[in-house]
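**Q** One structure is given below, represented as structure tokens, and several questions about it will come after.
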Ligand code: GLV
Ligand code: MN
Ligand code: MN
Ligand code: MN
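Numbering (the working numbering), first residue to last: 44 to 447.
Right, dumping it as structure tokens:
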């Protein structure tokens, strides 16, 4: 591969802008990020977003749901091309999941301007709030609110672990669906770090997304009888931890049987004492599959197995859906067009994105940037500066194509 002066300049520009946000919300111990919606690091990132918009003379508007939009061109012109992603992270998440799409968006604007492009329709850089659902429990909360996929009152009442509601964090009841704003967007492109190893395997820096697996979150409440660990005979126990543990293994087995994915990555135990049989265990099941029927079958199997086991353990279990995202097939014509333009592979993903929510309302595409470790939702998530710079070039080309 040959490197031109321009490539070197692009690398420098990427490193410079990336370096501005890299320290924000970074946990020194884990090397991961704690950037929860409306907490201090995320508020600083929002401030940084406004500074970037000001520096490019792009006025920022909000939608009353916590999402931000910076406009190059007259919002009333219609047919706007939106690009961007989210700032928030999972607990100890990687650097790239979300912010790479926003940094790349600013740099793509710079590329277009340097190339003398005068868009005939508005170009908008967006930042969506609470994409991970790490603080309030529902992923893609900002895009769900904007599109009306979640009721504004319900969203406003969602609470974080400290009892603060989304409405309190936002400072107002969320505004909810805004068909007028959505109607101004003619296309949405979200650039995102790849969250698996497909691009490493295919030896390509950038890909176009074809689909997002249907997925969701279910809360499993296991209840039993809290009691003394030393004095309660084993036969007399009603221990919800046992039912929980069995259910985690069953979910793993049922997912493997179906080529699907099941994860229990979060658990809360009450009273959470070493010397007490727990009274209650709450676990959250994240389940995903390529096909909706497979996902339904998986969740039903987990429900049935957990119930059977609860009867044996003398405990009770309930399974409650907390969020669900249907299969997203991105606009096939658009994906093929962009894949041809970039000579890039096309891949599906098991990860959720605001692009998946917007896709039901606006022609939407996603670009993925290679991740050498293939790891995500972990500090080990990675991307090389050169691939990130290649992502910026790809995004700028895509935007130029859509702005024509
Ligand atoms: C969001 O990143 C998800 O796929 O869980
Ligand atoms: Mn994520
Ligand atoms: Mn993301
Ligand atoms: Mn995501």
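All residues carry an ideal CB built from backbone N, CA and C; glycine is no exception.
Computed from a predicted model, the values in this text were never measured in an experiment.
Using 8 Å for Cβ pairs, my map puts residue 56 next to residue 150. What's the rounded Cβ distance?
**A** Right, their Cβ atoms sit about 6 Å apart.
**Q** Identify whether residue 471 lies in helix, strand or coil by the three-state DSSP scheme.
**A** The requested residue 471 does not occur in the structure, where the chain is confined to residues 44 to 447.
**Q** Consult DSSP for residue 115 and reduce its assignment to one of helix, strand or coil.
**A** If DSSP states are grouped into helix, strand and coil, residue 115 belongs with the strands.
**Q** I need the DSSP call for residue 150, collapsed to helix, strand or coil.
**A** If DSSP states are grouped into helix, strand and coil, residue 150 belongs with the helices.
**Q** Less than 9 Å between the beta carbons of residue 313 and residue 341, yes or no?
**A** No, Cβ-Cβ distance for residue 313 and residue 341 is not below 9 Å.
**Q** Quick check: residue 236 and residue 387, are their CB atoms within less than 9 Å of each other?
**A** Contact flag unset, no.
**Q** Suppose only complete runs of 3+ residues qualify. What are the beta strand (DSSP E) ranges in the stretch 313-398, listed by chain order?
**A** Runs of the beta strand (DSSP E) inside the stretch 313-398: 323-331, 359-368 and 389-392.
**Q** Considering only the alpha carbon of each residue, which of 225, 324 and 137 lies closest to residue 74?
**A** Taking only the C-alpha atoms, the option nearest residue 74 is 137.
**Q** Beta-carbon separation of residue 377 and residue 398 under 9 Å?
**A** The answer is no: Cβ separation not under 9 Å.
**Q** Thinking C-alpha only, which one of 106, 440 and 361 is nearest residue 172?
**A** Nearest option by C-alpha distance: 106.
**Q** Nearest to residue 414 by alpha carbon, out of 139, 343 and 278?
**A** Closest option to residue 414, Cα to Cα, is 139.
**Q** If I measure Cβ to Cβ from residue 287 and keep anything under 8 Å in the same chain, skipping five residues before and after, which residues do I get?
**A** The residues are 263, 265, 310, 324 and 326.
**Q** Quick one: which unbroken alpha helix (DSSP H) runs of 4-plus residues sit fully inside the stretch 393-446? Chain order, please.
**A** DSSP runs (the alpha helix (DSSP H)) wholly in the stretch 393-446: 397-401 and 428-446.
**Q** Could you tell me whether the stretch 151-164 touches the stretch 362-370, using the rule of 3 or more Cβ pairs below 8 Å?
**A** No, the stretch 151-164 does not touch the stretch 362-370.
**Q** Do you know whose CA, among 85, 89 and 164, lies nearest residue 120's CA?
**A** Per the Cα distances, 164.
**Q** For residue 353 versus residue 320, is the C-beta distance shorter than 9 Å?
**A** Contact: no.
**Q** Taking just the CA atoms, how far does residue 175 sit from residue 100?
**A** Rounded to whole angstroms, residue 100 to residue 175 spans 30 Å at the Cα level.
**Q** My assumption, with CB atoms under 8 Å, is that residue 261 sits in contact with residue 363. Please give the rounded CB distance.
**A** So it is a contact: roughly 6 Å between Cβ atoms.
**Q** List in chain order: all unbroken alpha helix (DSSP H) runs of 4+ residues lying wholly within the stretch 220-286.
**A** The stretch 220-286 contains these whole alpha helix (DSSP H) runs: 222-225 and 241-245.
**Q** Can you determine whether any heavy atom of ligand 3 sits closer than 8 Å to the C-beta of residue 128, and answer yes or no?
**A** Yes; taking the cut-off as 8 Å, the Cβ of residue 128 has a heavy atom of ligand 3 nearer than that.
**Q** Use the C-beta contact count for residue 47: other C-beta atoms within 10 angstroms, 16 or more gives buried, fewer gives exposed.
**A** Classification of residue 47: exposed, given that the 10 Å Cβ count is below 16.
**Q** By alpha-carbon positions, which one of 161, 62, 348 and 422 ends up nearest to residue 446?
**A** Per the Cα distances, 161.
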